[in-house]
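Enquirer: If you read the sequences in order, they're chains A and B. Under the numbering used here, read the first sequence as residues 79 to 391, first letter to last. Under the numbering used here, read the second sequence as residues 55 to 693, first letter to last. To start, I am sharing the structure in question, which I have written as structure tokens.
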Amino acid sequence: VPDIAMWGAPGSGKTTFLYALDIALNRKQFGFTMTADDDPSEMLLINSGGMLAGGREFPTATLGIEHFQWSLYGRRRQTVSTGGIAQVVDQQQKIILKLADPSGELALRANLGDANRKKLITTLADADGIIFMFDPIREAEKGDAFETTSGLLHQLTRQVAQADPDNFDGKLPHHVAICVTKFDEPKVLETAESLRLLRYERDDLYQFPRVDDSDARRLLTSLCSVSSSGNSDLMLNSLDQHFYADRVKFFVTSAVGFYVNPSTNKFDRDDPQNLVKDTAGFTRSTNSRIRGPIHPINIVEPVLWLGGQKSRR
Amino acid sequence: VTNPTTISAQWALHGKRLDRTGYRILACSDGELGQRNFEDAISRFSPGTPGELPQVSVSYMQSATVAGVSYLAMAVHKFADEIADDDGQQLKYDDDGRRIVITSYFCLPFPSLEGQAFTHRAVAYQALYKKLDSIRLPQEDGPPLTLTLATDAIPTPVIDDLAMQAAALLLTFRPVCVLGAHDTTAAERLAFLDAVMSLLPYGLRAATTAATWTRATHRDHRFRLFFSDVARAADPPDRILYWGQPEETGITAADDWAYEYLTWLRDKAGQPVAKLAGLIDPMRFKREEILPFLDEIGIVASDPGLNYSATGHDYLHEPHVPRPTPGQGQGYGEQILLTCARHLREDDQGKIKSDISRLKNMADSTVDDDKRIRYRRILKETGLLKQAETLGGDAGKLYEPLLRLAFTVPVSYKGYCQLEDCLENPAPPRPLLRAIDSAGLSDQVVTAIIYWRLQALDGRTTLDKWYASGQVSASQLIQLLAASGLRPHHARVICDVTLDYLDKMGAHTKPTEIRAALQRQSFLGHALQANKVGPEKYQIDALSQFLRSAYPNRLDRSAILQILTSTRHPPTPPLVAAVLLRASGQPGTRLAGTPADLVAEAYAYGSLTLADFDPDTHRRLEPLLPLLPLLPAENLDWS
Chain A
79 VPDIAMWGAP GSGKTTFLYA LDIALNRKQF GFTMTADDDP SEMLLINSGG MLAGGREFPT
139 ATLGIEHFQW SLYGRRRQTV STGGIAQVVD QQQKIILKLA DPSGELALRA NLGDANRKKL
199 ITTLADADGI IFMFDPIREA EKGDAFETTS GLLHQLTRQV AQADPDNFDG KLPHHVAICV
259 TKFDEPKVLE TAESLRLLRY ERDDLYQFPR VDDSDARRLL TSLCSVSSSG NSDLMLNSLD
319 QHFYADRVKF FVTSAVGFYV NPSTNKFDRD DPQNLVKDTA GFTRSTNSRI RGPIHPINIV
379 EPVLWLGGQK SRR
Chain B
55 VTNPTTISAQ WALHGKRLDR TGYRILACSD GELGQRNFED AISRFSPGTP GELPQVSVSY
115 MQSATVAGVS YLAMAVHKFA DEIADDDGQQ LKYDDDGRRI VITSYFCLPF PSLEGQAFTH
175 RAVAYQALYK KLDSIRLPQE DGPPLTLTLA TDAIPTPVID DLAMQAAALL LTFRPVCVLG
235 AHDTTAAERL AFLDAVMSLL PYGLRAATTA ATWTRATHRD HRFRLFFSDV ARAADPPDRI
295 LYWGQPEETG ITAADDWAYE YLTWLRDKAG QPVAKLAGLI DPMRFKREEI LPFLDEIGIV
355 ASDPGLNYSA TGHDYLHEPH VPRPTPGQGQ GYGEQILLTC ARHLREDDQG KIKSDISRLK
415 NMADSTVDDD KRIRYRRILK ETGLLKQAET LGGDAGKLYE PLLRLAFTVP VSYKGYCQLE
475 DCLENPAPPR PLLRAIDSAG LSDQVVTAII YWRLQALDGR TTLDKWYASG QVSASQLIQL
535 LAASGLRPHH ARVICDVTLD YLDKMGAHTK PTEIRAALQR QSFLGHALQA NKVGPEKYQI
595 DALSQFLRSA YPNRLDRSAI LQILTSTRHP PTPPLVAAVL LRASGQPGTR LAGTPADLVA
655 EAYAYGSLTL ADFDPDTHRR LEPLLPLLPL LPAENLDWS
């Protein structure tokens with residue numbers, strides 16, 4: 079059973095990503111249904127869907143670390159070898175997601191001594207898969223991706239190395255899904271467009287743009303170049319250095335997706351934003367809100383990819 | 055009566071600013087506690103990502119610079135956009151447009167709270183909340199606040215069974231979670247926390263962590279007493295209470311002193327509050343600090359002189375359960391047994407009654423085998439079973455729960471042997487025998503033993519009733535006597551009972567039935583020898599009586615052959631002796647001629663043919679055996 083932990087700076091969308099998972103499974107036929115494995119996880123599953131899809135509210139920032147366990151049930155086509163002959167078969171599959179959703183603050187250097195940060199390191203060290211959230215908007219404004227990544231990577235590496243010094247070869251054993259979040263943000267969409275990375279699937283009713291997984295790294299690299307600190311290329315190098323290349327995959331994601339023009343029932347390039355963000359501050363009467371139905375993009379895929387990897391235990 | 059007291063409160067304001075640096079201390083007091091202390095405490099005692107606010111949490115903090123000084127901390131959690139009277143100073147939404155949670159955190163020096171104004175009255179969380187909630191903390195660092203608290207602001211806690219259960223469960227040292235209170239306000243929940251804490255020593259507030267709400271997926275939170283929507287996935291699981299449903303609470307005597315404490319609280323019906331409020335010295339939820347308190351109020355008194363780690367007594371021969379290691383201490387049940395033994399030695403009748411009551415409560419719950427073994431060790435080491443006899447007519451009241459705790463009831467033969475081992479005496483006192491009988495007897499061996507011992511003390515009534523009940527027969531008793539694994543003195547009792555039964559009930563039993571039963575057991579010669587029943591003289595006399603019951607007339611040739619050659623075991627010398635005596639017709643009459651020769655030859659024949667020799671030896675002996683007359687076929691058909 080692969081354990082999956084989340085990692086990302088404050089506001090990078092970790093919780094929203096998870097809250098959108100069940101909606102995403104219901105939007106597109108992935109062949110999986112999701113259920114919770116215990117009472118707290120079930121309550122979260124029920125409330126999260128209701129909050130995003132029904133209330134169109136964003137979750138408040140996570141405090142501490144949230145732990146929950148959801149299971150995906152479905153069938154997948156797999157290649158099996160019988161007597162030396164490879165066959166594609168449709169097999170029943172259950173993916174258990176033991177998820178840890180930490181407060182983004184724990185990734186900040188200012189919280190090095192926080193007791194919960196130590197728990198986060200342990201959670202990451204014990205995990206099989208990591209969903210790493212890269213927030214291009216934060217990087218453009220704050221430029222602390224390297225700072226929030228580097229410190230944790232050092233601590234994580236030390237913990238993993240010390241746990242099994244005889245077998246540690248300098249690389250972390252985890253599978254990592256690096257998610258470039260907030261694809262629905264105009265700046266990210268424009269960057270992808272300028273790089274000619276946008277793709278449209280013929281059978282997509284809404285004609286949402288997507289960035290192919292094989293192009294995701296390129297988009298990330300480009301977004302790193304506009305980092306306010308100029309250090310985000312260091313973040314990418316740091317990840318490359320610490321994880322095996324064949325265990326890392328890039329995804330371009332959006333939890334809320336793009337707005338669907340009600341008159342055409344399609345994506346509208348001139349009015350793409352599904353998230354209305356008023357100016358943050360002191361006196362707004364409402365917080366960020368979601369305009370229309372949620373159409374998550376690339377939310378299920380990283381989870382299925384990580385869930386399909388073998389547990390290290 | 056207004057009797058205000060003034061205390062200094064250190065504080066911190068926790069929230070966000072518009073710089074994407076996340077939650078942090080926005081401002082704090084410039085007292086002994088610094089920003090780092092506050093950050094650590096707020097993170098450590100976080101109830102998790104909020105659902106509905108406001109909520110309140112209480113915790114504690116130790117002074118980093120002054121040893122022994124501790125603080126009671128109260129945190130008030132609110133959404134910034136719901137704080138109405140902050141003059142627009144507080145940021146409502148973060149850079150991502152998310153609602154900001156503001157935590158107003160206050161640290162009150164614990165000793166001040168026991169000051170003059172609070173003598174004999176516990177500080178109520180509600181009163182503190184009412185006071186602290188009205189304070190708008192500044193956005194800039196500043197001096198500690200001076201607060202005036204008055205006792206007339208302290209509401210009387212409402213004590214109900216759920217509060218008592220929560221208080222008792224806190225003494226299990228496991229977190230206590232209250233579910234199903236979603237329709238209540240934070241203030242109502244705080245009132246419940248107050249009620250619970252009023253049922254515990256006031257000093258425990260120095261180490262209490264409680265919250266009016268926690269998020270179940272924030273599973274590693276550190277609250278001892280808290281409300282939640284669902285039970286978190288904790289290992290071991292939290293103790294669960296259901297709001298308004300005290301009958302759903304699973305608290306039993308297996309919860310040891312927590313259960314006793316609940317009983318005590320219920321018995322006192324609200325009286326404890328004043329007494330407990332007076333116990334103001336800071337305490338922690340640690341065994342070594344709770345047990346003396348419980349002892350002080352008469353619930354548990356440890357007996358250092360009988361402490362396992364101090365006695366150095368040998369184990370009973372029940373090796374599977376390790377003795378508690380030094381420092382590990384005894385469980386509650388062991389403590390009660392040790393205390394009871396001490397009270398018996400001191401002849402403290404009042405406390406013994408209380409001990410008996412506790413033992414009964416313990417016995418009403420499930421007791422596992424490991425505990426039974428430990429309890430038996432204590433019974434042996436303290437001589438409690440023997441001591442209990444000194445209670446005279448009340449001894450049975452103590453024996454009854456002891457039997458249920460340390461042995462399985464109904465009492466089996468195995469249990470009876472364990473009891474004898476604890477007693478270190480094969481003759482249990484009469485009240486104990488009566489208690490065993492009352493507890494129930496699970497097999498006929500122990501029934502025979504108990505009733506036989508009772509007839510020696512009380513007369514035959516019970517024994518005769520048993521005989522007459524039809525629950526036992528001669529055949530069954532003969533079979534019991536031949537059973538392996540009986541202790542010799544028990545086999546002797548069974549033999550006596552069997553003979554007694556044949557004597558009293560012989561007229562109701564056909565000799566042919568007795569004969570068949572004896573034949574199946576090789577006429578008991580081997581059984582009495584194997585079970586070491588009495589000296590040989592006893593065996594000869596007993597076997598003679600058995601033979602007389604089976605063969606009322608003198609033994610004829612056929613009977614002699616049947617007894618000595620047609621069984622499963624070779625004849626024993628006492629059996630041969632009994633046969634000779636029974637074959638002679640009259641005691642002291644010497645056999646001559648054919649019958650004596652037959653007995654001798656049959657003895658030789660039976661000894662050789664029924665012995666457990668190897669087949670080759672049997673083949674070699676066969677032509678050398680004496681020639682015996684064949685038995686009629688019906689005499690061989692007993693197996």
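Where a beta carbon is used, it is the ideal one built from N, C-alpha and C, also for glycine.
Under 7 angstroms Cβ-Cβ, which residues of chain B neighbour threonine 113/A?
Expert: Walking along the first sequence from the start, residue 113/A turns up at place 35. Those do not exist, as threonine 113/A stays about 15 angstroms from chain B at its closest Cβ, beyond 7 angstroms.
Enquirer: Among Ala260/B, Phe280/B, Arg259/B, Phe92/B, which has the Cα closest to the Cα of arginine 40/B?
Expert: As shown, chain B starts at 55 and ends at 693. That puts residue 40/B outside it, with no answer to give.
Enquirer: Could you check what DSSP says for proline 589/B in three-state terms: helix, strand or coil?
Expert: Within the second sequence, residue 589/B is the residue found at index 535, counting from 1. Coil.
Enquirer: With a threshold of 7 angstroms (Cβ to nearest heavy atom), would threonine 119/B be considered close to the ligand NAD?
Expert: Looking for the ligand NAD in the displayed structure turns up nothing, as the structure carries no ligands at all.
Enquirer: Could you check where the alpha helix (DSSP H) with glycine 387/B kicks off and where it finishes?
Expert: Sequence index remark: in the second sequence, residue 387/B carries index 333 (1-based). 386-400 is the span of the alpha helix (DSSP H), which, as asked, contains glycine 387/B.
Enquirer: Considering only residues of the stretch 619-683 of chain B, which uninterrupted alpha helix (DSSP H) runs meet the minimum length of 4 residues and lie entirely inside it, listed in chain order?
Expert: 627-637, 648-663, 669-675
Enquirer: Can you grab the Cα-Cα spacing for the pair valine 348/B / tyrosine 315/B, in whole Å?
Expert: What you label residue 348/B is simply residue 294 of the second sequence in a count that begins at 1. What you label residue 315/B is simply residue 261 of the second sequence in a count that begins at 1. Checking the sequence shown, residue 348/B turns out to be leucine, not valine. Answer to the nearest angstrom: the Cα atoms are 8 angstroms apart.
Enquirer: What's the gap between the Cα of alanine 584/B and the Cα of serine 538/B?
Expert: The count along the second sequence starts at 1 and reaches residue 584/B at position 530. The count along the second sequence starts at 1 and reaches residue 538/B at position 484. Looking at the two C-alpha atoms, the distance is approximately 8 angstroms.
Enquirer: Can you find a C-beta in chain B that's less than 8 angstroms from the C-beta of asparagine 343/A?
Expert: By 1-based counting over the first sequence, the position of residue 343/A is 265. False, the Cβ-Cβ gap to chain B never drops below 8 angstroms.
Enquirer: State the DSSP-derived secondary structure class of glutamine 573/B, mapped to helix, strand or coil.
Expert: To locate residue 573/B, count along the second sequence from 1; it is residue 519. Correct three-state label for glutamine 573/B: helix.
Enquirer: Looking at the structure shown, is valine 381/A part of a helix, part of a strand, or coil, going by DSSP?
Expert: Position 303 of the first sequence, counting from 1, holds the residue named residue 381/A. Under the three-state reduction of DSSP output, valine 381/A falls in the helix class.
Enquirer: Nearest by alpha-carbon distance to arginine 369/A: which of Asp346/A, Val338/A, Val378/A is it?
Expert: The count along the first sequence starts at 1 and reaches residue 369/A at position 291. Nearest of Asp346/A, Val338/A, Val378/A to arginine 369/A, Cα basis: Val338/A.
Enquirer: I'd like to know whether the C-beta of serine 83/B is nearer than 8 angstroms to at least one C-beta of chain A.
Expert: Within the second sequence, residue 83/B is the residue found at index 29, counting from 1. Cβ-Cβ to chain A under 8 angstroms: no for serine 83/B.
Enquirer: Is valine 421/B close to chain A? Criterion is C-beta to C-beta, closer than 8 angstroms.
Expert: By 1-based counting over the second sequence, the position of residue 421/B is 367. It does not: the Cβ of valine 421/B has no partner Cβ on chain A nearer than 8 angstroms.
Enquirer: Distance cutoff 8 angstroms, beta carbons only. Does tyrosine 77/B sit that close to anything in chain A?
Expert: Residue 77/B sits at position 23 when you count from the first residue of the second sequence. Cβ-Cβ to chain A under 8 angstroms: yes for tyrosine 77/B.
Enquirer: What are the start and end residues of each continuous alpha helix (DSSP H) run of 4 or more residues lying completely inside the stretch 207-288 of chain B, in chain order?
Expert: List check, alpha helix (DSSP H) in window: 215-224, 240-251.
Enquirer: Is there a C-beta anywhere in chain B that falls below 8 angstroms from the one on lysine 220/A?
Expert: Taking the first sequence and counting its residues from 1, the one referred to as residue 220/A is at position 142. Yes, contact with chain B.
Enquirer: Looking at C-alpha atoms only, which residue of Val250/B, Leu253/B, Ala241/B, Ala249/B is the closest neighbour of tryptophan 267/B?
Expert: Translated into the one-based positions of the second sequence, residue 267/B becomes position 213. Among Val250/B, Leu253/B, Ala241/B, Ala249/B, the Cα nearest to that of tryptophan 267/B is on Ala241/B.
Enquirer: Could you please give the first and the last residue of the uninterrupted alpha helix (DSSP H) stretch that includes phenylalanine 261/A?
Expert: In the first sequence, counting from the first residue as 1, residue 261/A sits at position 183. Unbroken run through phenylalanine 261/A: none, as it is neither H nor E.
Enquirer: Report the option in Asp168/A, Ser119/A, Val354/A, Val326/A whose CA atom is closest to the CA atom of leucine 96/A.
Expert: Within the first sequence, residue 96/A is the residue found at index 18, counting from 1. Leucine 96/A has its Cα closest to that of Ser119/A, out of Asp168/A, Ser119/A, Val354/A, Val326/A.
Enquirer: Relative to the alpha-carbon of leucine 517/B, which residue among Arg338/B, Gln498/B, Arg341/B has its alpha-carbon at the smallest distance?
Expert: Indexing the second sequence from 1 puts residue 517/B at position 463. Cα-wise, what sits closest to leucine 517/B is Gln498/B.
Enquirer: Counting only C-beta atoms, is serine 307/A closer than 8 angstroms to chain B at any point?
Expert: For the purposes of this step, residue 307/A is taken as the residue at position 229 of the first sequence. In terms of beta-carbon proximity, serine 307/A stays away from the interface with chain B, with every pair separated by 8 angstroms or more.
Enquirer: Using DSSP's beta-bridge definition, name the partner residues of valine 289/A.
Expert: By one-based count along the first sequence, residue 289/A stands at place 211. Valine 289/A is bridged to Leu276/A.
Enquirer: If I'm right that glycine 88/B touches leucine 80/B with Cβ under 8 angstroms, what's the distance once you round it to whole angstroms?
Expert: Here the question's residue 88/B lines up with position 34 in the second sequence. Here the question's residue 80/B lines up with position 26 in the second sequence. Going by Cβ atoms, the distance from glycine 88/B to leucine 80/B rounds to 14 angstroms, so no, they are not a contact pair.
Enquirer: Between Ile154/B, Asp141/B, Gln116/B, Ile96/B, which lies nearest to alanine 129/B when the distance is taken from Cα to Cα?
Expert: Working through the second sequence from its first residue, we reach residue 129/B at position 75. When only C-alpha atoms are compared, the closest one is Ile96/B.
Enquirer: Can you tell me the Cα-Cα spacing of glycine 513/B and aspartate 475/B, whole angstroms?
Expert: Counting from 1 along the second sequence, the entry for residue 513/B is found at position 459. Counting from 1 along the second sequence, the entry for residue 475/B is found at position 421. Whole-angstrom Cα-Cα distance: 26 angstroms.
Enquirer: I want to verify the contact list: residues of chain B whose CB lies under 9 angstroms from the CB of glycine 89/A, in sequence order.
Expert: Counted from its first residue, the first sequence places residue 89/A at position 11. Under the 9 angstroms cutoff, chain B gives Arg74, Gly76, Asp148, Asp149, Asp150, Arg152.
Enquirer: From the DSSP output, read off the bridge partner residues of alanine 83/A.
Expert: Taking the first sequence and counting its residues from 1, one reaches residue 83/A at position 5. In the DSSP assignment, the residues bridged to alanine 83/A are Ala178/A, Ile208/A.
Enquirer: In whole angstroms, what is the alpha-carbon distance linking glutamate 301/B and asparagine 125/A?
Expert: Walking along the second sequence from the start, residue 301/B turns up at place 247. Walking along the first sequence from the start, residue 125/A turns up at place 47. For glutamate 301/B and asparagine 125/A, the distance between alpha carbons rounds to 30 angstroms.
Enquirer: May I have the straight-line CA-CA distance separating leucine 251/A from phenylalanine 321/A, to the nearest angstrom?
Expert: Taking the first residue of the first sequence as 1, we reach residue 251/A at position 173. Taking the first residue of the first sequence as 1, we reach residue 321/A at position 243. Checking the displayed sequence, the identity of residue 251/A turns out to be proline instead of leucine. Spanning the two alpha carbons is a distance of roughly 7 angstroms.
Enquirer: When you compare each of Ala631/B, Thr157/B, Ser620/B, Lys407/B to glycine 660/B by their alpha carbons, which one comes out closest?
Expert: Counting from 1 along the second sequence, the entry for residue 660/B is found at position 606. Checked all of Ala631/B, Thr157/B, Ser620/B, Lys407/B; the closest Cα to glycine 660/B is Ser620/B.
Enquirer: On the DSSP bridge list, what partners appear for asparagine 339/A?
Expert: In the first sequence, counting from the first residue as 1, residue 339/A sits at position 261. The partner list for asparagine 339/A (beta bridge, DSSP) reads Lys344/A.
Enquirer: Can you tell me whether phenylalanine 286/A is buried or exposed, with buried defined as 16 or more other CB within 10 angstroms of its CB?
Expert: What you label residue 286/A is simply residue 208 of the first sequence in a count that begins at 1. It counts as buried.
Enquirer: Could you tell me the distance, in whole angstroms, from the CA atom of proline 198/B to the CA atom of glutamine 237/A?
Expert: As a first step, residue 198/B is located in the second sequence; it is residue number 144 there, counting from the start. As a first step, residue 237/A is located in the first sequence; it is residue number 159 there, counting from the start. Between proline 198/B and glutamine 237/A, the C-alpha separation is close to 40 angstroms.
Enquirer: Tell whether a beta-carbon distance below 8 angstroms holds between valine 166/A and threonine 157/A.
Expert: For the purposes of this step, residue 166/A is taken as residue 88 along the first sequence, with counting starting at 1. For the purposes of this step, residue 157/A is taken as residue 79 along the first sequence, with counting starting at 1. Yes. Within cutoff.
Enquirer: List the whole-angstrom C-beta distance separating glutamine 387/A from aspartate 206/A, where the pair is believed to meet the contact cut-off of C-beta under 8 angstroms.
Expert: Here residue 387/A corresponds to residue number 309 of the first sequence, with the count starting at 1. Here residue 206/A corresponds to residue number 128 of the first sequence, with the count starting at 1. Right, their Cβ atoms sit about 7 angstroms apart.
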